[in-house]
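Contents: one structure, followed by commentary.
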Amino acid sequence: MVERGKTPKVNHRDYWEGGHINFLISGELNWNYLEDSHSKVTQKAVEECSLKIQPPGTVLLSTNTIVRASILSAFCAHSTDSTAICVTQTPCVSEYLFYYFQLIFEGVKKTEQGSARHAIDKKKIRSLRIPFTSFAEQKEVVREIESRFALVSSIEKLGSDFELLKKVALKETFSLLEGS
16 MVERGKTPKV
26 NHRDYWEGGH
36 INFLISGELN
46 WNYLEDSHSK
56 VTQKAVEECS
66 LKIQPPGTVL
76 LSTNTIVRAS
86 ILSAFCAHST
96 DSTAICVTQT
106 PCVSEYLFYY
116 FQLIFEGVKK
126 TEQGSARHAI
136 DKKKIRSLRI
146 PFTSFAEQKE
156 VVREIESRFA
166 LVSSIEKLGS
176 DFELLKKVAL
186 KETFSLLEGS
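The numbering of the sequence shown is my numbering, which starts it at 16 and goes up by one.
Structure, rendered in structure tokens:
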């Protein structure tokens with residue numbers, strides 16, 4: 016299910032003050048898991064504005080800014096500048112979809128001439144040709160991606176450790192010269 020969010024009127028105080036329901040805006044989406052939001056709405060906002068509360072596992076995609084995605088770890092409503100792709104009752108692994116979006120939308124930044132902006136609407140999302148495989152294969156793809164990401168993180172850490180060791184070696188060497 017692909018569903019665009021709704022934003023209650025900001026000047027309607029009883030939609031916001033004392034709210035306890037997570038309300039995500041696209042600026043909070045940053046290729047991560049989200050379990051909390053900066054803004055909260057009230058039950059009154061949910062009822063009167065017909066807000067949809069998305070379940071954990073839903074993939075949220077920003078739609079009118081730099082295209083980014085996040086996976087919900089908690090129940091959340093979301094603003095009009097994001098679209099929810101609810102996969103909890105489908106044979107789709109949230110992370111599989113999330114990583115595929117990361118692949119195709121990180122490429123958008125590189126191909127658009129000088130612009131990292133790329134609005135995407137519900138129709139474009141539905142028209143994406145996503146290479147779906149079986150649920151088990153999707154889980155295996157996700158496991159492989161996460162394994163490779165862990166390796167990349169280890170290499171990045173080694174690189175920063177190497178830079179630190181170089182600085183220490185230079186400092187110690189020049190300290191010896193100053194002492195002679």
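From the three backbone atoms N, C-alpha and C, an ideal C-beta is built for every residue, glycine too. Everything numeric in this text was worked out from a predicted model, so none of it was measured.
If you check the CB distance, Arg19 and Asn45 do not come in under 8 angstroms. Across the structure, Glu178 and Val167 are spaced so that their CA atoms are roughly 17 angstroms apart.
Positions of the alpha helix (DSSP H) runs, each at least 4 residues long and wholly inside the segment 96-176, are given as 109-126 and 137-142 in order along the chain. Leu87 sits in a strand when the DSSP states are folded into three classes.
Counted as a single uninterrupted DSSP element, the stretch harbouring Glu50 is not any alpha helix (DSSP H), since DSSP gives it neither H nor E.
Secondary structure at Leu39: strand, using DSSP grouped into helix, strand and coil. Only residues of its own chain outside the window of five on either side were considered, and among them Phe150, Gln153, Lys154 and Val157 have a CB closer than 7 angstroms to the CB of Val108, listed in chain order. For the pair Pro71 and His93, the Cα-to-Cα distance works out to about 13 angstroms.
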